[in-house]
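Worksheet: the structure to be examined is printed underneath.
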Amino acid sequence: MCGRYVLTHEERALEAMLKVALSFYLKPRYNIAPTQPIPIARTDLDTKKREIAYAYWGLIPSWTKDPSIGTKMINARAETLREKPSFRGLYKLKRCLIPASGFYEWKQIVKGKKTPHYIKMLDDSLFAFAGLWDTYLDPGGAEVDTVTIITTKANEIVGELHERMPVIVPREKYNQWLDADNQTAKGLDSILAPYPADEMTYYPVSTEVNSAARDEPSFISPTSLFG
Numbered sequence: 051m052c053g054r055y056v057l058t059h060e061e062r063a064l065e066a067m068l069k070v071a072l073s074f075y076l077k078p079r080y081n082i083a084p085t086q087p088i089p090i091a092r093t094d095l096d097t098k099k100r101e102i103a104y105a106y107w108g109l110i111p112s113w114t115k116d117p118s119i120g121t122k123m124i125n126a127r128a129e130t131l132r133e134k135p136s137f138r139g140l141y142k143l144k145r146c147l148i149p150a151s152g153f154y155e156w157k158q159i160v161k162g163k164k165t166p167h168y169i170k171m172l173d174d175s176l177f178a179f180a181g182l183w184d185t186y187l188d189p190g191g192a193e194v195d196t197v198t199i200i201t202t203k204a205n206e207i208v209g210e211l212h213e214r215m216p217v218i219v220p221r222e223k224y225n226q227w228l229d230a231d232n233q234t235a236k237g238l239d240s241i242l243a244p245y246p247a248d249e250m251t252y253y254p255v256s257t258e259v260n261s262a263a264r265d266e267p268s269f270i271s272p273t274s275l276f277g
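Start counting the sequence shown at 51; every next residue gets the next number (our numbering).
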């Protein structure tokens, strides 16, 4: 699964990667957690233009009457996107990219204690998760965009920590993934494969990252497993 991630790259790096201008300031974030607003890149269904917008992490389907479901839908399994009612329509129409600098995963190294690890690209480059978004009308009638991160089987690197990992979309596939004219998700299943392990690395970090209420640059600094 993916339950925490990091976005510290500058705005110009996002704009260059996503080929779209940002209309808001993006501060570095070292401990992004579910229910928080996160930037996503998507194609406007009316104008067919690419945009970067904020969406709350934890999908609330437009048809639901229970918004609390969002806390249970921070991830969507790639293997069942075409089957589950919450995801199959969005997979066809409302795909997005979620820019990230890295993400966290926990593993039990010492009995009774799970250690967080920071996973990133070997070259420290910016990348993007595959996501699905939807718009929910809150009780006051306001539109609220929400999003889920798609997960797949872990590659060899992430698999040392967890059996699942977020889908990372190759840059050359961004246009295909965000193509609003592809309303059947034709040819997209292959994008949901695990990202090449030889381009990634990880290391242990402080357990201070366990608190979703905290957000510090030190969270992505390497630490000793036994220190």
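All C-beta atoms, glycine included, are put in the ideal place defined by N, C-alpha and C.
- Here residue 106 is buried. Its C-beta has 16 or more other C-beta atoms within 10 Å.
- Residue 193 sits in a strand when the DSSP states are folded into three classes.
- Residue environment for residue 128: buried (at least 16 other C-beta atoms within 10 angstroms of its C-beta).
- Taken atom to atom, the span from the alpha-carbon of residue 144 to that of residue 172 is near 30 Å.
- Looking only at 246, 115, 208, the smallest Cα-Cα distance to residue 191 is reached by 115.
- Per the coordinates, the alpha-carbon of residue 167 lies some 18 Å from the alpha-carbon of residue 176.
- Residue range 135 to 143 is occupied by the alpha helix (DSSP H) that includes residue 142.
- When the five nearest sequence neighbours on each side are left out, the beta carbons in the same chain lying within less than 7 Å of the beta carbon of residue 230 are those of 93, 95, 98, in order along the chain.
- Approximately 13 Å separates the beta-carbon atoms of residue 208 and residue 179; this is outside 8 Å, ruling out the contact.
- Across the set 165, 182, 185, the C-alpha of 165 shows the shortest separation from the C-alpha of residue 274.
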